[in-house]
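What follows is one structure encoded as structure tokens, with my remarks underneath.
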Amino acid sequence: MGLNYQLVLWNKNKKVYDRYILLFVLLYLVLFWAITLITNRNTTLETLTIRSSGTLAILLLHIILSIGPLARINTKFLPLLYNRRHLGVTMFLIALIHGGFSIFQFHMLGDVNPIYSVFTSNLDYSSLHDFPFQVLGFIALLILFAMAATSHDFWLANLSAKTWKALHMLVYVAYALIVSHVFLGAFQQETSPYMPALIGIGFVILVILHITAGIKEVRKDRQTYKASDTDWKYVCEIDEIEEDRAKIFIVDNERIAIFKYENKLSAIHNVCKHQGGPLGEGKIVDGCITCPWHGYQYLPQNGQSPPPFTEKVATYHVKIEDNKVYVLPKALEEGTEVTPAIIK
Amino acid sequence: MKKDEFYIGYIDNVPPKTKKKLKITVYILLIVVILFAIVFSLFQNKFKNSTFELTNISEITGTYHNNPYPSIRMELQPNEYKNVLLLGFGKFGAEKDIKNIENRLMSIEGQEVSIKGNLVYYNGKTLLQVADSDEFPVSKKESQLPERTINSLGEIEIEGEIIDPKCYFGVMKPGFGKIHRSCAVRCISGGIPPVFTTVNKEGISEYFMITDAKGNKINHDILEYVGQPVKVKGELEQLDNWFILKLNIEDIKLLKGNSKIYSN
Numbered sequence: 001m002g003l004n005y006q007l008v009l010w011n012k013n014k015k016v017y018d019r020y021i022l023l024f025v026l027l028y029l030v031l032f033w034a035i036t037l038i039t040n041r042n043t044t045l046e047t048l049t050i051r052s053s054g055t056l057a058i059l060l061l062h063i064i065l066s067i068g069p070l071a072r073i074n075t076k077f078l079p080l081l082y083n084r085r086h087l088g089v090t091m092f093l094i095a096l097i098h099g100g101f102s103i104f105q106f107h108m109l110g111d112v113n114p115i116y117s118v119f120t121s122n123l124d125y126s127s128l129h130d131f132p133f134q135v136l137g138f139i140a141l142l143i144l145f146a147m148a149a150t151s152h153d154f155w156l157a158n159l160s161a162k163t164w165k166a167l168h169m170l171v172y173v174a175y176a177l178i179v180s181h182v183f184l185g186a187f188q189q190e191t192s193p194y195m196p197a198l199i200g201i202g203f204v205i206l207v208i209l210h211i212t213a214g215i216k217e218v219r220k221d222r223q224t225y226k227a228s229d230t231d232w233k234y235v236c237e238i239d240e241i242e243e244d245r246a247k248i249f250i251v252d253n254e255r256i257a258i259f260k261y262e263n264k265l266s267a268i269h270n271v272c273k274h275q276g277g278p279l280g281e282g283k284i285v286d287g288c289i290t291c292p293w294h295g296y297q298y299l300p301q302n303g304q305s306p307p308p309f310t311e312k313v314a315t316y317h318v319k320i321e322d323n324k325v326y327v328l329p330k331a332l333e334e335g336t337e338v339t340p341a342i343i344k
Numbered sequence: 345m346k347k348d349e350f351y352i353g354y355i356d357n358v359p360p361k362t363k364k365k366l367k368i369t370v371y372i373l374l375i376v377v378i379l380f381a382i383v384f385s386l387f388q389n390k391f392k393n394s395t396f397e398l399t400n401i402s403e404i405t406g407t408y409h410n411n412p413y414p415s416i417r418m419e420l421q422p423n424e425y426k427n428v429l430l431l432g433f434g435k436f437g438a439e440k441d442i443k444n445i446e447n448r449l450m451s452i453e454g455q456e457v458s459i460k461g462n463l464v465y466y467n468g469k470t471l472l473q474v475a476d477s478d479e480f481p482v483s484k485k486e487s488q489l490p491e492r493t494i495n496s497l498g499e500i501e502i503e504g505e506i507i508d509p510k511c512y513f514g515v516m517k518p519g520f521g522k523i524h525r526s527c528a529v530r531c532i533s534g535g536i537p538p539v540f541t542t543v544n545k546e547g548i549s550e551y552f553m554i555t556d557a558k559g560n561k562i563n564h565d566i567l568e569y570v571g572q573p574v575k576v577k578g579e580l581e582q583l584d585n586w587f588i589l590k591l592n593i594e595d596i597k598l599l600k601g602n603s604k605i606y607s608n
């Protein structure tokens, strides 16, 4: 939640996060270079740079893609999600070193434009075995660039959360392109089975994590209701909602979070305006619903971010009868004040 | 009552259970990073001991010949000669440099000249990336070497890969195969002589300069076959330390699978 856009809104946790990114990146590069120079002295600096940056980029991409489902499976992993965009930008820069050096090495200083050469120096597009794998890497790099360039909240606000999210879901397309780039390129020539095996294990882990997180989401969504403008829907007993926490219910494909706090109940739309985080998995902190992803806050009674912030989410009427909680599943205009249901 | 932990990124204190989980995660990531670094660096293909003297300018003296490709012929010892292929900067042949030189000195064909440049060498073959061709060589003189003799060795059919010798013999590692294919295409397209390389049953590599069936330079016509396993048929000749393979494009056949030189 920011009023003025700054390059980075630094805080202690972001700094610690970035220090670990730097540490792991340097550790990988130092190890890769040292082992290669000791065991493979005839290398060239260009090849060493291309290989170390390429392999590091694919490792980072696996870590990045693991964070989302890990945070859904266990909220203790949410700190990894908090500053994931810095990891993403780091990964792009390393991939850019790999792509830039490769284009310089293999396509520049020749008789045609190097980008034209990427697409035309091998025209076996109809062959899987001989496919021009550089093209796949180039397109993946363009996607990663678009994501890195729009990773700032300025773009999130100006593109709209939906467009921004759709753009950033292209990371899965980039992953598919990169894996194909590697298997149709380097792994056609490298003879060790260990490298493809590692990438294969990475793929399997990613699939398992995403399926597990998906199953958990589906289980969360099992309480669903048909929407109606006039009918109050029973959702749960008061005791089923923990203090300062919420339960999430799906009504006409929209998730509603009902929060319990200070002997009151309030219902708001579950989706955070920032990056679409699940507000219902957040907590009331200092009287505000706080998003678990990046800490964006909303007042429970009106869905508005506390002044001077301006984000608003839709609110819902909620009532209590005989310790049973009912919600009127018609979304009110974002930021509409609703009197909380009082727990007697 | 259990403590309800909730992490907020912009609040300095991280809840204890979350912190513990993060510590374990960092250790796991540490192991993963080390494992990846070891596997990817230790098991990558070995590099050849080919050399490109990028920062060192050498001078070689010998007789210049334009055919089949620009080269300097040198006498190693009585009756033993070596042809050093000349190359241009980047992914280009030496034509532009030869033009620069001949603009100043007129034709240098068959003349003794001293050429400066960066040496590229591997497995008995030497090449020179010409430098300072606007000013060097400053003179030429009559060659002291006897005429070249080209020996015909009959027809040959072999399997291997068409490579660009500049990268293969030193500038790039690896300078062959699918990873390098685009670069080899650019180099040969830019005028660098195409070379065919093969490995015999004993694991010995051999190299052949490729020309068309009439012995003329061939570059653009063979681009689609570069950097892939191929079987070629043609007339074999020997010029000092180089074989020359004269072939028709129709006699190049693409093979499936990896080139044998991958194990080189």
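Chain order of the listed sequences is A and B. Numbering-wise, this note's numbering puts 308 at position 308 of the first sequence, and it's gapless, one number per residue. Take any residue in the second sequence, note its place counting from 1, add 344, and you have its number in this note's numbering. Glycine included, every Cβ here is placed at the ideal spot set by N, Cα and C.
Can you tell me where the alpha helix (DSSP H) holding residue i begins and where it ends?
i: residue 452 (chain B); result: No alpha helix (DSSP H) holds residue 452 (chain B); DSSP gives it neither H nor E.
i: residue 59 (chain A); result: 45-73
i: residue 249 (chain A); result: No alpha helix (DSSP H) holds residue 249 (chain A); the beta strand (DSSP E) holding it covers 246-251.
i: residue 36 (chain A); result: 12-39
i: residue 159 (chain A); result: 153-159
i: residue 218 (chain A); result: 194-220
i: residue 90 (chain A); result: 84-107
i: residue 367 (chain B); result: 360-386
i: residue 139 (chain A); result: 133-149
i: residue 527 (chain B); result: 521-533
i: residue 346 (chain A); result: Since the displayed chain A opens at 1 and closes at 344, residue 346 (chain A) lies outside it and no answer follows.
Grab me the residues of residue i's own chain with a C-beta within less than 7 Å of its C-beta, minus the 5 sequence neighbours each way, in chain order.
i: residue 607 (chain B); result: Because residue 607 (chain B) sits at a pLDDT of 45, beneath the cut-off of 50, its placement in the model cannot be relied upon, and the following sentence gives the value as read from the coordinates. If we look at residue 607 (chain B) and ignore the five residues flanking it on each side, it has no Cβ neighbours.
i: residue 345 (chain B); result: For residue 345 (chain B), the predicted model reports a pLDDT of 47, less than 50, meaning its position is unreliable; a value from the coordinates is still stated below. Here the set comprises nothing.
i: residue 583 (chain B); result: 427, 492, 494
i: residue 433 (chain B); result: 473
i: residue 241 (chain A); result: 247, 258, 260
What span of residues does the beta strand (DSSP E) with residue i cover, start to end?
i: residue 329 (chain B); result: Absent from the structure is residue 329 (chain B), since the part of chain B shown begins at 345 and ends at 608.
i: residue 495 (chain B); result: 494-507
i: residue 418 (chain B); result: 415-421
i: residue 120 (chain A); result: Unbroken run through residue 120 (chain A) is the alpha helix (DSSP H), 114-120; no beta strand (DSSP E).
i: residue 541 (chain B); result: 539-543
i: residue 597 (chain B); result: 596-598
Check the Cβ-Cβ distances between residue i and every residue of chain C, and say whether any is below 8 Å.
i: residue 381 (chain B); result: Looking for chain C here will not work: the only protein chains present are A and B.
Residue i bridges to which residues according to DSSP?
i: residue 236 (chain A); result: A:325
i: residue 556 (chain B); result: B:591
i: residue 466 (chain B); result: B:469
i: residue 474 (chain B); result: B:461
i: residue 583 (chain B); result: B:494, B:586
i: residue 265 (chain A); result: A:260, A:341
i: residue 168 (chain A); result: Paired residue(s): none; residue 168 (chain A) is not in a bridge.
i: residue 408 (chain B); result: B:416
i: residue 289 (chain A); result: A:284, A:298
i: residue 347 (chain A); result: Within the shown structure, residues of chain A are numbered from 1 to 344, placing residue 347 (chain A) beyond reach of any answer.
State the CB to CB distance for the pair residue i and residue j, rounded to an integer number of angstroms; the pair is presumed to be in contact (CB under 8 Å).
i: residue 351 (chain A); j: residue 362 (chain B); result: The requested residue 351 (chain A) is not part of the displayed model; chain A covers only 1 to 344.
i: residue 184 (chain A); j: residue 123 (chain A); result: Wrong, their Cβ atoms sit about 15 Å apart, outside the cutoff.
i: residue 552 (chain B); j: residue 539 (chain B); result: 7 Å
i: residue 389 (chain B); j: residue 518 (chain B); result: 7 Å
i: residue 151 (chain A); j: residue 89 (chain A); result: 6 Å
i: residue 107 (chain A); j: residue 530 (chain B); result: 6 Å
i: residue 58 (chain A); j: residue 199 (chain A); result: 7 Å
Cutting at 6 Å between CB atoms, please list the residues of its own chain near residue i, excluding the five before and the five after it.
i: residue 373 (chain B); result: none
i: residue 355 (chain B); result: none
i: residue 397 (chain B); result: 462, 463
i: residue 132 (chain A); result: 122
i: residue 596 (chain B); result: 569, 574, 576
I'd like the list of long-range same chain contacts for residue i, defined as Cβ closer than 8 Å, with 5 residues on each side in sequence excluded.
i: residue 349 (chain B); result: 359, 360, 361, 362
i: residue 238 (chain A); result: 260, 265, 320, 323, 324, 325, 343
Worksheet item: Relative to chain B, which residues along the segment 254-281 of chain A have a C-beta separation below 9 Å, given in chain order?
Response: none
Practice prompt. Compile a chain-ordered list of the residues in the segment 110-141 of chain A whose CB is closer than 8 Å to at least one CB of chain B.
Written response: 110, 111, 112, 117, 118, 121, 122, 123, 129, 130, 132, 133, 134
Discussion item. Taking beta-carbon pairs under 9 Å, can you tell me which members of the segment 166-200 of chain A lie near chain B?
Written reply: 184, 185, 186, 188, 189, 190, 191, 192, 193, 194, 195, 197, 198
Practice prompt. Give, in chain order, every residue of the segment 424-437 of chain B whose Cβ lies closer than 8 Å to some Cβ of chain A.
Written response: Under the 8 Å Cβ criterion, the segment 424-437 of chain B contributes 433, 434, 435, 436.
Item to complete: Mind checking the segment 375-408 of chain B against chain A and listing, in chain order, the residues whose C-beta falls within less than 7 Å of any C-beta there?
Response: 377, 378, 380, 381, 382, 383, 384, 385, 386, 387, 388, 389, 390, 391, 392, 393
Discussion item. Can you pull out the residues from the segment 349-360 of chain B whose beta carbon lies closer than 7 Å to at least one beta carbon of chain A?
Written reply: 350, 351, 352, 353, 354, 356, 358
Item to complete: Check distances from the C-beta atoms of the segment 60-80 of chain A to those of chain B and list, in chain order, the residues that come in under 9 Å.
Response: 62, 63, 70, 74, 75, 76, 77, 78, 79, 80
Discussion item. What are the residues in the segment 498-529 of chain B lying within 8 Å of chain A by C-beta distance?
Written reply: 516, 517, 518, 521, 522, 523, 524, 525, 526, 527, 529
Item to complete: Please list the residues of the segment 239-251 of chain A that have a C-beta atom closer than 9 Å to any C-beta atom in chain B, keeping them in chain order.
Response: 242, 243, 244, 245
Discussion item. Can you pull out the residues from the segment 281-300 of chain A whose beta carbon lies closer than 8 Å to at least one beta carbon of chain B?
Written reply: 282, 283, 285, 290, 292, 294, 295
Item to complete: Could you run through the segment 530-546 of chain B and flag, in chain order, every residue whose CB is less than 9 Å away from some CB of chain A?
Response: 530, 531, 533, 534, 535
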